[in-house]
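Inspection log for the structure reproduced underneath, given as C-alpha cells.
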Amino acid sequence: MEVNKLPDSTSNFTKANCFNKWLIGGPPFLFLLIFFAAPSLIMFFTSFRFPGEFGGLAPISPAMDGSSAEYGLTLETYEFLFSDILYAEIFLKTFAIAAVTTLICLIMAYPLALLIARSQKRFRNLMIMLVILPFASNFLIRIYAWMIILGPESVLSHFVNAILGVFGFAPVTLLFSTFAVLIGMVYVHLPFMILPLYTNLEKHDPVLLDAAQDLGANRWQRFWLITWPQSLPGVFAGAALVFIPVLGMFAVPDILGGTGDILIGNLIKDQFLGTRDWPFGSTLSIILTLLVLLIAWLATWLARPSVRQNS
Amino acid sequence: MPLLEIRNVTKRFDNFTAVDNISLSIKAGEFFTLLGPSGCGKTTLLRMIAGFDAPDAGQILLDGEDIIGMPPEKRPIHTVFQSYALFPHMTVAGNIAFPLKMAGKTANQIKISVNEALENVHLSKFANRYPHELSGGQKQRVAFARGLINRPRLLLLDEPLGALDEKLRQDMQMELINLQKEVGVTFIFITHSQNEALALSHRIAVMNQGAVEQIDEPSKIYSCPANRFVANFVGKINLMNAQVLEATASHLTLKVDGLGTVTVPGKDDVKVNDEGVMAIRPEQVKIAHYAENERPAPYCIGKVQDFLYIGDVTTYIIALDNGVHLEALLPNSTPGLAKLFEINDTVAVNWLPDSAQFLKN
Chain A
2 MEVNKLPDST SNFTKANCFN KWLIGGPPFL FLLIFFAAPS LIMFFTSFRF PGEFGGLAPI
62 SPAMDGSSAE YGLTLETYEF LFSDILYAEI FLKTFAIAAV TTLICLIMAY PLALLIARSQ
122 KRFRNLMIML VILPFASNFL IRIYAWMIIL GPESVLSHFV NAILGVFGFA PVTLLFSTFA
182 VLIGMVYVHL PFMILPLYTN LEKHDPVLLD AAQDLGANRW QRFWLITWPQ SLPGVFAGAA
242 LVFIPVLGMF AVPDILGGTG DILIGNLIKD QFLGTRDWPF GSTLSIILTL LVLLIAWLAT
302 WLARPSVRQN S
Chain B
501 MPLLEIRNVT KRFDNFTAVD NISLSIKAGE FFTLLGPSGC GKTTLLRMIA GFDAPDAGQI
561 LLDGEDIIGM PPEKRPIHTV FQSYALFPHM TVAGNIAFPL KMAGKTANQI KISVNEALEN
621 VHLSKFANRY PHELSGGQKQ RVAFARGLIN RPRLLLLDEP LGALDEKLRQ DMQMELINLQ
681 KEVGVTFIFI THSQNEALAL SHRIAVMNQG AVEQIDEPSK IYSCPANRFV ANFVGKINLM
741 NAQVLEATAS HLTLKVDGLG TVTVPGKDDV KVNDEGVMAI RPEQVKIAHY AENERPAPYC
801 IGKVQDFLYI GDVTTYIIAL DNGVHLEALL PNSTPGLAKL FEINDTVAVN WLPDSAQFLK
861 N
C-alpha cells in the first residue's frame, strides 16, 4: 500500500501544477478565444454569405429567386475578387508599400540600434526611452501633424519646390501622395524596427569582433560576416512587426494619401463602413490573412539554420 | 634576430601604469609564457602585441620591424581568447575557414586546409556542428585550429585553459605542447597558473605590478627564483627571515630567525649584513622521527602540527621549538599509508645545504 502512495502524490503534484498553469494562462487564453479566434471564424463564414440589401448580411435561407445555393452560401465574393484585376493591383501596391516601408525602416533603424547597443550602459535606457517617447502622444494627432509639415504652405514644401525650381522642375505637392504615405508609414513604424534590433544587438559578445579583427577581418567584413548574420533574428522580428501592421493600415493613406493611394486596409474598411458589403470585406480580410501567413511561413523557411549555414 | 622584441614598453590607463617599461625578446619557435597574478599587466601586454592597444612609450618589433600603428587585422599574429570567441553562427568548419577567407584563399585551398586542420585536432566528425553543440575541450581545439590555420608568425594564447576542468586541462596541456611542436609556430602563452607555466613553456617571464621580475627556463624559475616575489608566486616555499653574517663566493653564512647559523650556497651581489629571507621548497625539507635521526647539520627539532593529504603527496606542517612554521612535502610511496607521521610526533628536520638559498628583500 505504501508503494502506491508515491505515484499518487506525484500525480497530485502534476495536477496542481497543471491547475496553476491554467489559472495563470487561462484568462488571456479565454480572452483571445472570445475576441480573436471566434470573430475570425465568424469572418470566415461571413465571407461565404450574401450581403443584406441595406448592409449587413442576408438571412441564411434558400434565396427566393433560386439563383444561389440552397442555404444561402456562395463563393461569389471570391469569384468577384479574383475576376477584377483592380483588386490584385491594390494588393500588389499594398505589399509594395509594406516592403518599401520595411526596407526604409530597416536602413534607418539599424545604425541607430547599433549606436544604442554599443554606447555606455547608463545612456542606453535614456536613448531607448527617447525612441519610445512618441507613443506618449496620440497616433492620429502625430499623423495630422505630418499634414501640416507636408502641406502646400509648409516650410518643407517651399524649400523643396525652391530647389526643384532652380533645376526647372514644376512645383510638386508633397501631401496627398504615395510619398507622403511612405513617410507616414515609416514614421509610425520605425520604433517597432529599432526595439527588436536593439534587443538583439545588445546581446552580441564584443570579443567576437576582436576575434574577427585579429583573424584578418576589416571593418566591413566584421559587420557583414559577424554582426549582420547574428542580428538576423532581430531583423526578421523587426520586419514582421513593421510589414504586417503596414498591410492593414488605413489611417495613414486616408489622411496623407491621394485618391490613388487606396490600400487593402482602406478597401476593407470601406466594405464594412462605407459600401456595407460585409461578405466582400470578410473575403478581403481572409485573403490578406492567408497571404501574411504564407509570407511568414516562407520567411521562417528561408531563415532556417541549414540555409544560413550553406550561404 | 629575435622574432619579437619588446623594447621599453609602457602603458598607462589614467593614473594606473599597467605595463611599466618592459623589455623582452622572443625567439622563433619558442613557447614563451607570461606568468603573473591577475592585474599584473600580462593581458595588457598581450593586447599591445596583438594590436588592440597602443603603448604609450617603447617599441614592438616583429622580425625587426616596428609594428606599432599596424592594425590587428594586418598583423601576422593571431590570438586564442580566454572565452574562445568562436563565431556562434558559423559551424566548426566555418570558424576554422574564417582566417583563410580573410586572407583571400580560394575555396579549394580552404577546403583542403580546413580538412587537414580538423584532422589535426581530431574534430573531423564535428565539421558541421555549431559551437554551442560542442564540449569545452572541443571548443578549445576549434579555437587552436582557427588560430593556427594560416600559420601566423606568432600565436597569442590568453589563459586558454582557464575554463576547463582539472583533468581536461592536463590532457589539453599535452595536446598543446604537441601541437606547438608540430606546427612550429611561436607561442606566447598567458597564465596565472604556475603549474601550467612550468609544464608548457620553454621560457617564462614572471610579471608583477606591470614589471618583469624574472625571465628564465622553468627549472631555473623554480629552483633559482630571482627574488622573494618569484619564489613565493611560483610553487610553495618556506621563507624565514635571515641576515648575512659572512659572504664568500662559494657560500653564505646566515643568521636565521629561530634556526641559528645556517650555511647556504654563495651568490653574487650579496654583502655582509644584507637582510632577506632563507628560502627552501617543502619537497627539499627532510623530516624523520627524532630518535632515529643522525643529526647532520643544519637541523632542528619540531612537532608535527598538521598535515594536508593530497593523494600522491602529503604536506606536513612542522612547528619548530621557537614558533617558526615549516612545510615539508613527502611522497606517499608506501602502499596503503596516507601519512608517515602523526600529529604531535616529534621530528628532526634537515635539508641538504645546496637546497636552501638566500633571497634579498
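Going line by line, the protein sequences match chains A and B.
Numbering-wise, the numbering used here puts 104 at position 103 of the first sequence, and it's gapless, one number per residue.
Numbering-wise, the numbering used here puts 717 at position 217 of the second sequence, and it's gapless, one number per residue.
No residue lacks a Cβ here, since even glycine has one placed at the ideal position from N, Cα and C.
query                                                                                                                                        : result
Alpha-carbon to alpha-carbon, residue 102 of chain A and residue 58 of chain A                                                               : 36 Å
Amino acids of chain B, ordered along the chain, whose beta-carbon sits closer than 9 Å to that of residue 231 of chain A                    : 587, 588 and 589
Reduced DSSP category for residue 845 of chain B - H, G, I as helix; E, B as strand; rest coil                                               : coil
Chain E within 8 Å of residue 581 of chain B, Cβ atoms only                                                                                  : Among the chains of the structure shown, chain E does not appear; the protein chains present are A and B.
Validate contact between the segment 141-154 of chain A and the segment 229-240 of chain A using beta carbons, cut 8 Å, 3 pairs              : no
Best match in B:820, B:777, B:829 and B:830 for proximity to residue 844 of chain B [C-alpha to C-alpha]                                     : B:820
Residues bridged to residue 506 of chain B (per DSSP)                                                                                        : B:524 and B:560
Best match in B:716, B:705 and B:650 for proximity to residue 684 of chain B [C-alpha to C-alpha]                                            : B:650
Any chain B beta carbon closer than 8 Å to residue 305 of chain A                                                                            : no
Residue 274 of chain A versus residue 212 of chain A: straight-line alpha-carbon distance, rounded                                           : 59 Å
Beta-bridge partners of residue 54 of chain A, as assigned by DSSP                                                                           : A:56
Length of the line joining the Cα atoms of residue 885 of chain B and residue 621 of chain B                                                 : Outside the shown range of chain B (501 to 861) lies residue 885 of chain B, about which nothing can therefore be said.
Residue span of the beta strand (DSSP E) that contains residue 716 of chain B, given as start and end                                        : 711-716
Residue 600 of chain B versus residue 534 of chain B - alpha carbon distance                                                                 : 28 Å
Assigned secondary structure, residue 511 of chain B (DSSP; H/G/I helix, E/B strand, else coil)                                              : strand
Residue 802 of chain B, DSSP secondary structure in three states                                                                             : strand
Selection of the segment 601-627 of chain B by Cβ proximity to chain A, strictly under 7 Å                                                   : 602 and 603
Chain-order list of residues whose beta-carbon lies under 8 Å from that of residue 838 of chain B (same chain, five-residue window excluded) : 809, 814 and 832
Contact list for residue 578 of chain B against chain A, beta-carbon separation under 8 Å                                                    : 215 and 216
Option in B:804, B:744 and B:826 with minimal Cα separation from residue 861 of chain B                                                      : B:744
Opening and closing residue of the beta strand (DSSP E) in which residue 779 of chain B lies                                                 : 775-780
Residue range of the alpha helix (DSSP H) that includes residue 1 of chain A                                                                 : In this structure chain A extends from 2 to 312, so residue 1 of chain A is not present and cannot be described.
Element boundaries [alpha helix (DSSP H), containing residue 222 of chain A]                                                                 : 220-223
CA-to-CA distance, residue 557 of chain B to residue 614 of chain B, given in whole angstroms                                                : 40 Å
Stretch-stretch touch, CB-based, cutoff 8 Å, three pairs: the segment 686-697 of chain B with the segment 523-543 of chain B                 : yes
Interface residues of the segment 537-567 of chain B facing chain A [CB-CB below 7 Å]                                                        : 550 and 552
Residue 824 of chain B and residue 774 of chain B closer than 8 Å at C-beta                                                                  : no
Enclosing alpha helix (DSSP H) for residue 696 of chain B [first to last residue]                                                            : 694-700
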